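K.L.:
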Amino acid sequence: MKLSKRIILRGIMVYCTLASLLIVGCKVEEIIAPELLTISESFKNPIGFYNNTPTFSWRLPISQHIKSQSAYQIVVASSKDLLPNNADLWDSGKQLSAQSTFVKYEGKPLKSRQKVFWQVRFWNQEDKNSGWSDVNTFELGLLNNSDWKANWIGLDTAKDSIKGVRAFLMHRPQYLRKRFELFKDVASARLYITAKGVFDVHLNGKDVSDDVMTPGWTPYNHRIETLTYNITEFLKAGKNAIGVELASGWHSGRISRGRALYENFASPKILCQLEIVMKNGSKQTIISDKSWKGTTNGPLRLAGIYDGEVYDANFEMPNWNTVTFDDSNWKMVEVEAVSKDVKLAPKRHQTVKNQMVLKDVEIVSVKENTSVFNLKQNIVGVPKVSVPMKKGDTLKIRFSEMLLKDNTFYTKNYRSAKSTDYYVASKDGVIEYVPKFTFHGFQFLELSGYDKNAKPEAFWVQGIAQHSNFEKIGTFTSSHHKLNQLQSNITWGLRDNFFDVPTDCPQRDERLGWTGDAQVIAPTALFNYDTHAFWAAWLQSMRETQSEHNNGLIPFIIPDVLQNNNASSGWGDASVIIPWDVYNITGDISVLQENYEMSKKWVGYYQSKAKNYIPSMYSFADWLQPYPAKTGKTGNRGDTPKELINTAYFAHSAHLLSKIASILGKTEDEKKYKDLYNAVSNAFENTFFDAGKFIGKKQTQTAYLLAIHFNLLKQETKEKAKKYLLEEIKNADYHLGTGFLGTPILPKVLDDMGEIDLMYKILFKETYPSWFYSINQGATTMWERWNSYSKNDGFNPQSMNSLNHYAYGAVGQWMYERLAGLASLEPGYKKIRIAPVPNTEFLTSASASVKTPYGVSSSSWKIENDTFTLDVVIPPNTSAEVHIPYGNKERLFVNGSMFAKNSNLKLMSSDTSLIKILAEPGTYNFQTKL
Ligand code: BGC
């Protein structure tokens with residue numbers, strides 16, 4: 017009955033839609049409602065949400081009737097039945113505004129656990145209203161420490177800890193459990209849970225979620241993130257059991273150089289609270305408390321992030337997480353109250369998850385009882401092995417990113433990280449094993465200790481790639497296979513290193529949130545993946561860490577496990593630059609608001625270090641610049657003097673801060689920081705430049721790039737500096753000569769100088785140092801150094817030689833913006849720039865698409881038979897500047913007709929080399945003869 021009614025209704029809607037195309041006046045707009053509703057940083061109907069004053073975003077549907085929004089209305093209610101007409105929490109009323117992203121909630125205060133329903137509608141450019149959107153929801157998590165009735169619980173594993181790598185003490189993983197009884201049928205249930213350590217939770221024998229290494233990594237001395245799970249389906253009236261596996265993770269494990277331990281080697285603990293509403297309306301709450309029991313005698317014997325996992329199947333405890341299990345010989349847990357000092361807050365970005373399973377594996381070598389497998393892609397995650405074994409034998413699993421010439425493992429670059437997993441078999445037969453509380457950076461895997469009589473098969477091994485769970489929103493492709501490989505290396509490098517926090521590398525004894533690396537890659541990341549929440553979350557950790565230092569210092573890494581009370585220019589500037597980039601690409605002003613004080617304090621740090629506007633402080637400088645004058649480790653800082661870099665970043669951060677102040681309406685600050693920027697730029701030019709020439713001992717590309725890109729020179733001298741930069745590039749035989757700081761801005765500077773062809777030449781270089789060089793040597797990810805490895809010379813002799821380091825992938829932004837031609841011109845793509853710059857010596861086509869906050873936008877060009885074709889999509893409620901790089905508007909065709917006839921397009925300017933057009937939302941095919 018119901019179904020047929022729906023079909024009839026849909027039929028009427030389709031009829032009305034079709035008819036409306038013919039009959040003017042049919043209320044078509046009432047049918048087409050806004051789509052893809054999200055709150056805050058793109059959350060869709062979340063539970064356990066972190067923010068009780070979220071923002072709302074929606075997309076206008078694609079329709080010829082909908083160009084833009086002239087007004088909107090949002091209604092928010094505590095029950096679905098109240099919508100849309102009786103919204104009890106907030107009714108925005110009809111707001112005359114084009115804003116369709118990040119509209120702030122201004123209704124009644126919302127509390128922990130509250131579930132909220134919302135809808136939105138809009139009016140189009142002709143003031144015709146849409147229908148109401150579907151009802152969306154969000155449900156808040158536990159927002160206050162006082163919401164927690166539970167206690168931290170766990171065994172004291174510090175007492176019986178064992179010695180690990182470098183005599184470092186390691187906690188044994190724990191198993192914790194509790195049986196409980198529910199007296200009525202369950203209507204709905206939530207599990208609120210977190211750990212000091214990393215956990216995996218089960219109810220009645222079932223894994224509650226597929227999250228990996230939760231709760232992730234925050235500055236645990238300030239804030240620990242909590243997770244919320246809908247566990248309604250896991251529970252039943254009567255007896256139930258909860259079981260939690262717990263290991264050290266980042267909290268109590270070996271991280272960094274051993275100074276990372278919170279609370280002096282405290283044992284890992286969990287905190288959990290099950291809140292259950294019964295069908296009769298009564299409630300029951302189960303908490304972590306002294307009634308739980310625990311053991312360290314389970315199969316997980318050891319687990320560490322750097323060193324790997326030891327699993328002994330002889331210790332397996334069948335059904336340990338179910339009601340029937342006998343836990344009488346398990347220990348009582350220790351209990352610790354929730355303190356006020358550490359904030360418990362719902363996780364504000366997505367957890368790490370298994371993202372992809374690589375099954376196309378090749379056997380490289382088999383020797384006696386040892387075989388090597390190749391995944392053909394450097395990944396981060398864990399293996400899944402299915403291997404025949406003999407009872408009592410130990411399978412050893414080693415990892416490596418590349419092989420040495422004799423096919424043995426190159427592991428020098430893991431440094432002290434053992435990165436080895438072990439599985440001890442309890443019976444004969446095929447075992448299946450996936451490590452749980454560790455992760456590895458690897459392309460190759462070595463197995464030894466399996467059944468000697470078995471012939472190794474490629475299917476024994478699969479690779480599970482893991483990363484924070486964000487959506488892929490961008491694509492880039494071109495006619496050049498090496499450029500496409502570069503795009504692949506960039507995006508693998510990004511995902512591999514977005515493991516709850518942005519890490520420098522995923523394999524050695526580091527894997528830390530290095531601020532400089534993150535600063536340079538953020539824009540490229542934001543093109544390719546929806547990393548808005550990922551960055552916003554990490555910036556919160558940065559703010560919390562800065563608060564420990566009253567002089568505004570931003571440590572080298574966040575969370576700060578180095579604790580060396582030092583900061584570096586170009587690294588600490590992440591506190592200003594990343595909020596700025598996130599704002600420009602997403603349009604979300606709250607990222608500027610949230611981080612404003614932090615950015616100010618960081619500029620204050622420079623001020624505290626500066627004499628006559630020249631800061632005297634530490635810097636990693638233009639890290640890993642090729643051909644440094646000094647050799648070995650001291651050469652790592654490149655040849656551009658740190659004083660120059662300090663001053664350049666001081667000026668740049670002050671400049672960005674004045675722009676941020678202006679956006680936030682803080683006029684006094686805007687002027688103050690503009691003046692500061694001017695004063696620092698003056699000092700910069702007077703100290704380091706003479707008539708546009710860098711006066712240092714050794715000329716470097718980066719000295720000029722910083723001076724030009726950060727606008728630190730007077731106009732006349734800047735023009736001269738550009739000439740010197742070109743000379744420097746020529747001296748390098750058109751290779752780049754830049755490290756972490758110079759490389760990301762090289763394409764931008766050359767582009768602004770009109771030297772696009774030169775940038776093409778550098779980008780398409782095949783020889784060292786260049787992007788394609790590593791590809792020619794077999795790279796499947798970005799490498800830490802321009803010469804991490806070569807087929808002729810082998811590996812770089814330094815052990816700091818990661819084959820998965822994203823910094824040099826920062827060129828990805830320019831590939832989107834200029835090679836394919838898709839850029840955000842006004843924050844969040846409210847205005848889009850389509851401006852590809854073809855160069856047929858290297859490319860005959862390139863395309864990019866991005867799911868912008870307004871919908872998909874794309875730019876795709878090709879040159880064929882002397883014809884330039886550009887396909888463009890501009891989403892509703894935006895506009896675009898389209899730059900056609902070949903002049904003559906008389907010969908330009910759009911969607912098959914002469915350009916002049918298209919009423920959605922307006923000519924802005926035209927000369928023989930460029931036609932600039934203002935375009936309304938729509939789909940366009942431009943064509944012109946060359
Ligand atoms: C990291 C870098 C980081 C650097 C600071 C290294 O050990 O891997 O990527 O930015 O230290 O210079």
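Under our numbering, the first residue of the sequence shown carries the number 17, and numbering increases by one thereafter. For every residue, glycine included, the Cβ atom is placed at its ideal position computed from N, Cα and C. This structure is a prediction, so every number in the text was calculated from the model and none was measured.
1. Would you list, in sequence order, the uninterrupted beta strand (DSSP E) runs of no fewer than 3 residues that lie entirely inside the segment 111–165?
2. Bridge partners of Tyr-720, per DSSP?
3. For my contact list, Ala-862 and Trp-877 are in at a C-beta cut-off of 8 Å; report their separation, rounded to the angstrom.
4. Just list the residues that DSSP pairs Leu-360 with in beta bridges.
5. Going by DSSP in three states, Gln-501 sits in which element: helix, strand or coil?
6. Rounding to the nearest angstrom, what Cα-Cα distance links Glu-526 and Gly-648 in this structure?
7. Within a Cβ cutoff of 7 Å, which residues of the same chain sit near Glu-45, ignoring the five residues on either side of it in sequence?
8. Where Thr-860 and Ser-272 are concerned, what is the direct C-alpha to C-alpha distance, given to the nearest angstrom?
9. Just checking my contact of Phe-543 with Phe-514 at CB under 8 Å: how many whole Å lie between their CB atoms?
10. Can we say the segment 279–295 touches the segment 203–221, given the rule of at least three CB pairs closer than 8 Å?
11. Does any heavy atom of the ligand BGC sit closer than 7 Å to the C-beta of Cys-288?
12. Fully enclosed by the segment 488–568, which beta strand (DSSP E) runs are 3 residues long or longer?
13. Please go through the same chain and pick out, in chain order, the residues whose beta-carbon is closer than 7 Å to the beta-carbon of Leu-672, but skip the five residues on each side of it.
14. Going along the chain, which residues of its own chain have a beta-carbon closer than 7 Å to the beta-carbon of Asn-313, five neighbours each way excluded?
15. Quick one: what does DSSP say Ser-86 is sitting in, helix, strand or coil?
16. Alpha carbon to alpha carbon, what distance is there between Lys-120 and Leu-728?
17. Identify, in the order they occur along the chain, each residue of the same chain with its Cβ nearer than 7 Å to the Cβ of Asn-337, setting aside the five sequence neighbours on each side.
18. Rounded to the nearest angstrom, what separates Arg-364 and Phe-700 at their Cα positions?
19. Assuming Thr-944 and Ile-879 form a contact by the criterion Cβ under 8 Å, report the distance between their Cβ atoms to the nearest whole angstrom.
20. Run through DSSP, which three-state label would Glu-417 get?
21. Taking 7 Å as the cut-off, is the C-beta of Asp-638 nearer than that to any heavy atom in the ligand BGC?
22. Give a single yes or no on whether Asp-706 has its beta carbon closer than 7 Å to a heavy atom of the ligand BGC.
23. Given that a residue counts as buried once 16 or more other Cβ atoms are within 10 Å of its Cβ, and exposed if not, what is Gly-681?
24. Could you check where the alpha helix (DSSP H) with Asp-773 kicks off and where it finishes?
25. Check each candidate in Val-228, Ile-537, Lys-299 and Ala-263 and name the one with the smallest Cα separation from Ala-253.
26. So, is Arg-907 buried or exposed, given that buried needs 16 or more other C-beta atoms within 10 angstroms?
27. Give the DSSP-derived three-state secondary structure of Tyr-66 in the structure shown.
28. Decide if Pro-125 is buried, meaning its Cβ has at least 16 other Cβ atoms within 10 Å, or exposed.
29. Check whether the segment 483–493 and the segment 501–515 are in contact - that is, three or more C-beta pairs closer than 8 Å.
30. Cutting at 6 Å between CB atoms, please list the residues of its own chain near Gly-708, excluding the five before and the five after it.
31. Helix, strand or coil for Thr-410 per DSSP?
32. Near Val-450, which residues of its chain fall below 6 Å by C-beta distance, leaving aside the five closest residues on each side in sequence?
33. Should Tyr-186 be counted as a contact of the ligand BGC given a C-beta to heavy atom distance under 7 Å?
34. Check whether the Cβ of Met-558 lies closer than 7 Å to any heavy atom of the ligand BGC, and answer yes or no.
35. Under the three-state reduction of DSSP, which class applies to Val-440: helix, strand or coil?
36. When the distance is taken between beta carbons, is Val-202 closer than 8 Å to Gln-135?
P.N.:
Inspection of the coordinates gives the following:
1. 131–140 and 152–155
2. Tyr-720 is not bridged to any residue.
3. 6 Å
4. Paired residues: Ile-240.
5. helix
6. 20 Å
7. Here the model assigns Glu-45 a pLDDT of 43, short of 50, so the residue's position is not dependable, and the following value carries that caveat. The residues are His-81, Asn-140, Lys-144, Asn-145 and Ser-146.
8. 47 Å
9. Wrong, their Cβ atoms sit about 14 Å apart, outside the cutoff.
10. yes
11. no
12. 490–494
13. Val-592, Ile-593 and Trp-596
14. Only residues of its own chain outside the window of five on either side were considered, and among them Phe-331 have a CB closer than 7 Å to the CB of Asn-313, listed in chain order.
15. strand
16. 37 Å
17. Arg-193, His-218, Gly-221, Ala-257 and Gly-259
18. 40 Å
19. Contact flag wrong, Cβ pair sits at about 10 Å.
20. coil
21. Of the heavy atoms belonging to the ligand BGC, none sits nearer than 7 Å to the Cβ of Asp-638.
22. no
23. Exposed, by the Cβ-count rule.
24. 772–779
25. The candidate whose alpha carbon is nearest that of Ala-253 is Lys-299.
26. Around the beta-carbon of Arg-907, fewer than 16 other beta-carbon atoms lie within 10 Å, marking it exposed.
27. coil
28. exposed
29. yes
30. Thr-733, Lys-736 and Ala-737
31. strand
32. Val-398 and Lys-400
33. The sequence given here places Met at residue 186; Tyr does not occur at that position. Because no heavy atom of the ligand BGC lies under 7 Å away, the Cβ of Met-186 does not count as near it: no.
34. no
35. In the displayed model, Val-440 falls within a strand according to three-state DSSP.
36. no
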